[in-house]
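Enquirer: 0 is the number of the first residue of the sequence shown in numbering that gives the first Met the number 0; add one for each residue after it. Beta carbons: idealized from backbone N, C-alpha and C, even for Gly. Here the structure is a predicted model, which is why all the values come from computation and not from measurement.
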Amino acid sequence: MTEMTTIDTLHGDALSRAADQAVRAIPPAWPLTATVAVNPFLGQISETLDQTAARLGRIGGVRLALPRKHYADLIAKGEITDEDLVNALQAGRVASLIDLPALKAAVANEPKPIEALPTIAELAAKATGKDWPGLVAERIGTFAAGFFDQGQALWAASRRNGLYAAWRAYATHDLTPEIMGLKSFSIHVDETPETPEGAIERAAGSLGLGAEPGTYFHQLLLTVGGWAQYARHIQFKAEVEGRTDTTALELLAIRLVFEEALYARNKTAIKGEWQRVRRSHAEPASPDLDTVIDGLLQVAAERAAQRKLAAKLAAPSTIKVAEVRPVLQAAFCIDVRSEVFRRALESVDPGVRTLGFAGFFGLGASHNGFASDVAEHRLPVLLTPSVFSCSAVDHDHDADRQARFSARATRAWGRFKLAAVSSFAFVEAMGPVYAGKLLRDGLGFGKGKGLDAAKPRFAPGLDLDTRAVVAETVLRAMSLTDGFGRFVLIAGHGANVVNNPYASALHCGACGGYAGDVNARLLADLLNDRAVREKLAVNGIIIPADTVFLGGLHDTTTDRVTLFEDDLEDDIRPEDIVRIRQWLAQAGGLTRAERARRLPRATSEGIIARSKDWSEVRPELGLAGCRAFIAAPRARTAGRSLEGQAFLHDYVWKKDEGFNILELILTAPVVVASWISLQYFGSSVAPSLFGAGNKLLHNVVGGIGVVEGNGGNMRAGLPWQSVHDGENFVHEPLRLTVAVEAPKEAISDILTRHAQVRALFDNGWLSLFTLDEHGRMEWRYAGNLTWVPVSGAAPTLAAAE
Numbered sequence: 000m001t002e003m004t005t006i007d008t009l010h011g012d013a014l015s016r017a018a019d020q021a022v023r024a025i026p027p028a029w030p031l032t033a034t035v036a037v038n039p040f041l042g043q044i045s046e047t048l049d050q051t052a053a054r055l056g057r058i059g060g061v062r063l064a065l066p067r068k069h070y071a072d073l074i075a076k077g078e079i080t081d082e083d084l085v086n087a088l089q090a091g092r093v094a095s096l097i098d099l100p101a102l103k104a105a106v107a108n109e110p111k112p113i114e115a116l117p118t119i120a121e122l123a124a125k126a127t128g129k130d131w132p133g134l135v136a137e138r139i140g141t142f143a144a145g146f147f148d149q150g151q152a153l154w155a156a157s158r159r160n161g162l163y164a165a166w167r168a169y170a171t172h173d174l175t176p177e178i179m180g181l182k183s184f185s186i187h188v189d190e191t192p193e194t195p196e197g198a199i200e201r202a203a204g205s206l207g208l209g210a211e212p213g214t215y216f217h218q219l220l221l222t223v224g225g226w227a228q229y230a231r232h233i234q235f236k237a238e239v240e241g242r243t244d245t246t247a248l249e250l251l252a253i254r255l256v257f258e259e260a261l262y263a264r265n266k267t268a269i270k271g272e273w274q275r276v277r278r279s280h281a282e283p284a285s286p287d288l289d290t291v292i293d294g295l296l297q298v299a300a301e302r303a304a305q306r307k308l309a310a311k312l313a314a315p316s317t318i319k320v321a322e323v324r325p326v327l328q329a330a331f332c333i334d335v336r337s338e339v340f341r342r343a344l345e346s347v348d349p350g351v352r353t354l355g356f357a358g359f360f361g362l363g364a365s366h367n368g369f370a371s372d373v374a375e376h377r378l379p380v381l382l383t384p385s386v387f388s389c390s391a392v393d394h395d396h397d398a399d400r401q402a403r404f405s406a407r408a409t410r411a412w413g414r415f416k417l418a419a420v421s422s423f424a425f426v427e428a429m430g431p432v433y434a435g436k437l438l439r440d441g442l443g444f445g446k447g448k449g450l451d452a453a454k455p456r457f458a459p460g461l462d463l464d465t466r467a468v469v470a471e472t473v474l475r476a477m478s479l480t481d482g483f484g485r486f487v488l489i490a491g492h493g494a495n496v497v498n499n500p501y502a503s504a505l506h507c508g509a510c511g512g513y514a515g516d517v518n519a520r521l522l523a524d525l526l527n528d529r530a531v532r533e534k535l536a537v538n539g540i541i542i543p544a545d546t547v548f549l550g551g552l553h554d555t556t557t558d559r560v561t562l563f564e565d566d567l568e569d570d571i572r573p574e575d576i577v578r579i580r581q582w583l584a585q586a587g588g589l590t591r592a593e594r595a596r597r598l599p600r601a602t603s604e605g606i607i608a609r610s611k612d613w614s615e616v617r618p619e620l621g622l623a624g625c626r627a628f629i630a631a632p633r634a635r636t637a638g639r640s641l642e643g644q645a646f647l648h649d650y651v652w653k654k655d656e657g658f659n660i661l662e663l664i665l666t667a668p669v670v671v672a673s674w675i676s677l678q679y680f681g682s683s684v685a686p687s688l689f690g691a692g693n694k695l696l697h698n699v700v701g702g703i704g705v706v707e708g709n710g711g712n713m714r715a716g717l718p719w720q721s722v723h724d725g726e727n728f729v730h731e732p733l734r735l736t737v738a739v740e741a742p743k744e745a746i747s748d749i750l751t752r753h754a755q756v757r758a759l760f761d762n763g764w765l766s767l768f769t770l771d772e773h774g775r776m777e778w779r780y781a782g783n784l785t786w787v788p789v790s791g792a793a794p795t796l797a798a799a800e
């Protein structure tokens, strides 16, 4: 008896580990209200791209590469050279498998489509002719939409005792599966164990999985799409906050119960095929020759892009920087959309200089807007809030109360419009009233959500010493400790669009999917504080008495910049503000003209109208095209067009005692940028798994995501319109190239202490270079804490895969 109990315990422990690994293989997906980019391969960073491609080909039926024709066209145009292909071959160490002529010949042949291993639902569908996978997706989706609902549903599911318990209560009364032919399903559910762990263990026994399900659990979570990713988000958020959560595990248990029921009813017909599938799941996922070729072509394309970047950085600058005090210094987010605007702004007057820093500007703020109880975490999702703020009007309690009443009335009116009974009467009675709104919106006169006019303030209790420490930390991280201009603009960014569920995805990722106005205004106010400046002076940061910090917001859809000069307590000359506005307006015009060349059907004059067009599926292209991250003084990139493809972070390593700022850059902004880059990569090469589908078919579900059509799996990732213009890709899927001006020994030391960041570079999810003092690429990271010279060097396998 004791021996049997020990075996059962070991069996259960192995299954628990397998289930946890499957859950962690799924990327998290944030809700639409605060959408942030997420690396879809977050759970595979310990593997190479080829290994991940083999795994996802087996369980998802996708290739992690564009069609071969894409690479053939680049080779034909000379953009990918033989040298790039040879470098890829040398890096991959696959000379025994393929040589240059064979690789070039393979580009002309598209590989056969990949077929995923079938689930039990798919085997049963083949045996019976009924769409069991569709039924499973529809029933889980219907339940999940109610359970995860954030205020959209009229009758939300109970959340008592968690997802699995709520589903059991729901499924025992759900007759749809039985009507569709899955007889006695409600009884089967009623007989399942009451805990998700018990359900997983019982299903594993029923399906003959043993203690090692291999890639099967991962596959089941992929079949429920965005619901699994949203459940993983709940767990991810809990762990950042020091809590535990089992929502994603419970979703796996639910999916297994469906498999178990279908297997029980169709065992005779599918048993033999299922045994074959089960054995395949248990085998290691190894890349075949086609996957290796795809990986080589991907590396060659990235080498070509790195070669072009190196040439641009080595070329002479086209802009001359005056050796005088700047009239305006403008700090923008490192977002690639800021690169175009910064370049334009610097070109309008020699008295303008810009710098780049993560768009939350070092203030990890939890913010409550005016008359709002919602805590908006305006900081990277990898961090927890360190300061608290709110928007308020002094002594105006009536305004606050009226705003809350208005918000409640708006919510009540919205529910009345959507209610099951009143919705019909609403259309009949109130439809004509909306004719004016429809006409206004149709003509492009509608408006998106306006900015909060009330000035944001730190919550009471943030004493002077703490505020001074925050200010010093931010300025040192920005490498802005001297040479202050007459005006310093702190410009966050956001996107004001209409009728776009993905509006928050166009906001600032460093601000948790919100606009960056709050953080910019908070920092400007902090640095204008005379008492804070006195504390900074004691520590060697002397801000001239006439320097004024201005908060601003760069609208990336229209390239207009809003200045919050009313936040200032000291009077400034109106002509100074007028001059700054003129510079910003000139830069906006230049930026729109450049952006119009990439946007479908766009003109520089018509870009502003796109933000108000409720039928526009591409009001802007977001971060499409992102391919590089550069941390160096602005002088290394100023006057060089990086075409809106580079994250630009100002960094002067000689000011960085102990390399603490470098460590922060590599472990936070670089990681966030990699999430963005790889989300665009995944949404381009594997849209069925990691893309959100077609915007034209989207319906918002639960207030948290979208479905295509009227139900089924929630979609996560980027819509197709974000990466494709209808004819061609607007984003070339390239893994991010990171170039840092700093000693390679300092970088290696940081990688040694941060295994997760090192894994991104060692396994080739990112490429890493150092820059010399002239901005030229000098050393390439070759994996395993080794470096090779850029010229004439062949990196190792780990750096290229």
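With a 10 Å radius around its C-beta and 16 neighbouring C-beta atoms as the bar for buried, classify Arg16 as buried or exposed.
Expert: Sequence index remark: in the sequence shown, residue 16 carries index 17 (1-based). That one is exposed.
Enquirer: Going by DSSP, what residue range makes up the alpha helix (DSSP H) through Gly204?
Expert: For the purposes of this step, residue 204 is identified with residue 205 of the sequence shown, where counting begins at 1. 195 to 205 is the extent of the alpha helix (DSSP H) around Gly204.
Enquirer: Please name the residue or residues paired with Thr785 in a DSSP beta bridge.
Expert: Mapped onto the sequence shown, residue 785 falls at position 786. Note: Thr785 sits in a beta bridge opposite Gly782.
Enquirer: If you draw a straight line from the alpha carbon of Arg275 to that of Leu255, how long is it in whole angstroms?
Expert: Here residue 275 refers to the residue found at position 276 when the sequence shown is read from its first residue. Here residue 255 refers to the residue found at position 256 when the sequence shown is read from its first residue. Those two C-alpha atoms are separated by around 19 Å.
Enquirer: What does the alpha-carbon distance come out to for the pair Ile25 and Arg242?
Expert: One-based indexing of the sequence shown puts residue 25 at position 26. One-based indexing of the sequence shown puts residue 242 at position 243. Going by the C-alpha atoms only, they are around 19 Å apart.
Enquirer: Quick one: is Gly150 buried, meaning 16 or more other Cβ sit within 10 Å of its Cβ, or exposed?
Expert: Walking along the sequence shown from the start, residue 150 turns up at place 151. Looking at its Cβ environment, which holds fewer than 16 other Cβ atoms inside 10 Å, Gly150 is exposed.
Enquirer: Could you tell me the distance, in whole angstroms, from the CA atom of Val106 to the CA atom of Val722?
Expert: Within the sequence shown, numbered from 1, the residue matching residue 106 stands at position 107. Within the sequence shown, numbered from 1, the residue matching residue 722 stands at position 723. Val106 and Val722: Cα-Cα distance of roughly 23 Å.
Enquirer: Which residues bound the beta strand (DSSP E) around Ala24?
Expert: Locating residue 24 in the sequence shown gives position 25, counting from the first residue. Segment: none, Ala24 is in no beta strand (DSSP E) and carries neither H nor E.
Enquirer: Do Ala519 and Gly482 have their C-beta atoms within less than 8 Å of each other?
Expert: Counting from 1 along the sequence shown, the entry for residue 519 is found at position 520. Counting from 1 along the sequence shown, the entry for residue 482 is found at position 483. Contact flag unset, no.
Enquirer: Using only the alpha-carbon positions, how far apart do Leu122 and His730 sit?
Expert: The residue labelled residue 122 in the question sits at position 123 within the sequence shown. The residue labelled residue 730 in the question sits at position 731 within the sequence shown. Near 37 Å, if we compare the C-alpha coordinates of His730 and Leu122.
Enquirer: Is there contact between the region 452 to 468 and the region 627 to 635, where contact requires at least three CB pairs shorter than 8 Å?
Expert: Short answer: they don't touch.
Enquirer: Do Leu620 and Arg591 have their C-beta atoms closer together than 8 Å?
Expert: Within the sequence shown, residue 620 is the residue found at index 621, counting from 1. Within the sequence shown, residue 591 is the residue found at index 592, counting from 1. In this structure, Arg591 does not lie closer than 8 Å to Leu620 by Cβ.
Enquirer: Between the C-alpha atoms of Val756 and Asp649, what's the straight-line distance to the nearest angstrom?
Expert: Indexing the sequence shown from 1 puts residue 756 at position 757. Indexing the sequence shown from 1 puts residue 649 at position 650. Taking the straight line joining both Cα atoms gives about 20 Å.
Enquirer: Apart from the five residues on each side of it in sequence, which residues of its chain come closer than 6 Å, Cβ to Cβ, to Leu73?
Expert: Taking the sequence shown and counting its residues from 1, the one referred to as residue 73 is at position 74. Closer than 6 Å at the Cβ level, and outside the excluded window around Leu73, lie Ile79.
Enquirer: Does DSSP put Arg456 in a helix, a strand or coil?
Expert: Counting from one through the sequence shown, the residue named residue 456 turns up at place 457. Reduced to three states, the DSSP call for Arg456 is strand.
Enquirer: By the 10 Å Cβ neighbour count, where 16 or more other Cβ atoms means buried, how is Tyr780 classified, buried or exposed?
Expert: Counting from one through the sequence shown, the residue named residue 780 turns up at place 781. Counting Cβ neighbours within 10 Å, Tyr780 comes out buried, since at least 16 surround it.
Enquirer: Please state whether DSSP places Gln328 in a helix, a strand or coil.
Expert: Within the sequence shown, residue 328 is the residue found at index 329, counting from 1. Looking at Gln328 - three-state DSSP - the assignment turns out to be strand.
Enquirer: Measure the Cβ-Cβ separation of Val616 and Val380 and say whether it is below 8 Å.
Expert: What you label residue 616 is simply residue 617 of the sequence shown in a count that begins at 1. What you label residue 380 is simply residue 381 of the sequence shown in a count that begins at 1. Taking 8 Å as the Cβ cut-off, Val616 and Val380 do not qualify as a contacting pair.
Enquirer: By Cβ distance, which residues of its chain are closer than 8 Å to Pro286, with the 5 residues on each side in sequence left out?
Expert: Here residue 286 refers to the residue found at position 287 of the sequence shown. For Pro286, where only same-chain residues beyond five positions count, the Cβ hits under 8 Å are Asp49, Gln50, Ala52, Ala53, Gly294.
Enquirer: What's the gap between the Cα of Leu219 and the Cα of Thr118?
Expert: Locating residue 219 in the sequence shown gives position 220, where the first residue counts as 1. Locating residue 118 in the sequence shown gives position 119, where the first residue counts as 1. The alpha-carbon atoms of Leu219 and Thr118 are separated by roughly 8 Å.
Enquirer: When burial is assigned at 16 or more other CB atoms within 10 Å of the CB, is His376 buried or exposed?
Expert: Here residue 376 corresponds to residue number 377 of the sequence shown, with the count starting at 1. When all chains shown are included, His376 counts as buried.
Enquirer: Is the region 313 to 323 in contact with the region 599 to 616, if contact means three or more CB pairs nearer than 8 Å?
Expert: Segments in contact, no.
Enquirer: Is Gly512 buried or exposed, if buried means 16 or more other CB atoms sit within 10 Å of its CB?
Expert: As a working mapping, residue 512 is identified with position 513 in the sequence shown. The residue is buried, with at least 16 neighbouring Cβ atoms inside 10 Å.
Enquirer: Let me check understanding here. Comparing Cα to Cα, which of Glu272, Trp166, Ala101, Leu116 lies closest to Leu296?
Expert: By 1-based counting over the sequence shown, the position of residue 296 is 297. The candidate whose alpha carbon is nearest that of Leu296 is Ala101.
Enquirer: Give the C-beta separation of Asp575 and Phe486 to the nearest angstrom, bearing in mind that I take them to be a contact with Cβ-Cβ under 8 Å.
Expert: Against the sequence shown, residue 575 aligns to sequence position 576. Against the sequence shown, residue 486 aligns to sequence position 487. That belief holds up - the Cβ atoms of Asp575 and Phe486 are roughly 7 Å apart, short of 8 Å.
Enquirer: Under the three-state reduction of DSSP, which class applies to His172: helix, strand or coil?
Expert: Here residue 172 refers to the residue found at position 173 of the sequence shown. It is coil, neither helix nor strand.
Enquirer: Does DSSP put Cys625 in a helix, a strand or coil?
Expert: Against the sequence shown, residue 625 aligns to sequence position 626. Looking at Cys625 - three-state DSSP - the assignment turns out to be coil, as it is neither helix nor strand.
Enquirer: Quick check on Ala418: buried or exposed, where buried means 16 or more other Cβ atoms within 10 Å of its Cβ?
Expert: Walking along the sequence shown from the start, residue 418 turns up at place 419. Unreliable positioning characterises Ala418 in this predicted model, as indicated by a pLDDT of 47, which lies under 50. The coordinate reading is nonetheless provided below. So Ala418 ends up on the exposed side.
Enquirer: Do the region 738 to 746 and the region 171 to 190 make contact, defined as three or more Cβ pairs closer than 8 Å?
Expert: Output reads no: the region 171 to 190 does not touch the region 738 to 746.
Enquirer: Answer with buried or exposed for Ile186, where buried requires no fewer than 16 other C-beta atoms within 10 angstroms of its C-beta.
Expert: Within the sequence shown, numbered from 1, the residue matching residue 186 stands at position 187. Exposed, because fewer than 16 other Cβ atoms sit within 10 Å of the Cβ of Ile186.
Enquirer: Can you grab the Cα-Cα spacing for the pair Leu770 / Val739, in whole Å?
Expert: If you number the sequence shown from 1, residue 770 lands on position 771. If you number the sequence shown from 1, residue 739 lands on position 740. About 6 Å.
Enquirer: Using only the alpha-carbon positions, how far apart do Val291 and Gly774 sit?
Expert: Here residue 291 refers to the residue found at position 292 when the sequence shown is read from its first residue. Here residue 774 refers to the residue found at position 775 when the sequence shown is read from its first residue. If I take the Cα positions, the gap works out to 34 Å.
Enquirer: Have a look at Ala370, Ser790, Gly361, His492 and flag the residue whose alpha-carbon is nearest the alpha-carbon of Val473.
Expert: Residue numbering aside, residue 473 sits at position 474 when the sequence shown is read from its first letter. Ranking the options by Cα distance to Val473, first place goes to Gly361.
Enquirer: Using DSSP bridges, identify the partner residues of Phe356.
Expert: Residue 356 sits at position 357 when you count from the first residue of the sequence shown. Phe356 pairs with Cys332.
Enquirer: Ignore the nearest five residues each way along the sequence and tell me which others in Phe146's own chain have a CB closer than 7 Å to its CB.
Expert: Locating residue 146 in the sequence shown gives position 147, counting from the first residue. Counting only Cβ-Cβ distances below 7 Å, and skipping sequence neighbours, we find Ala156, Arg158, Leu162, Ala165.
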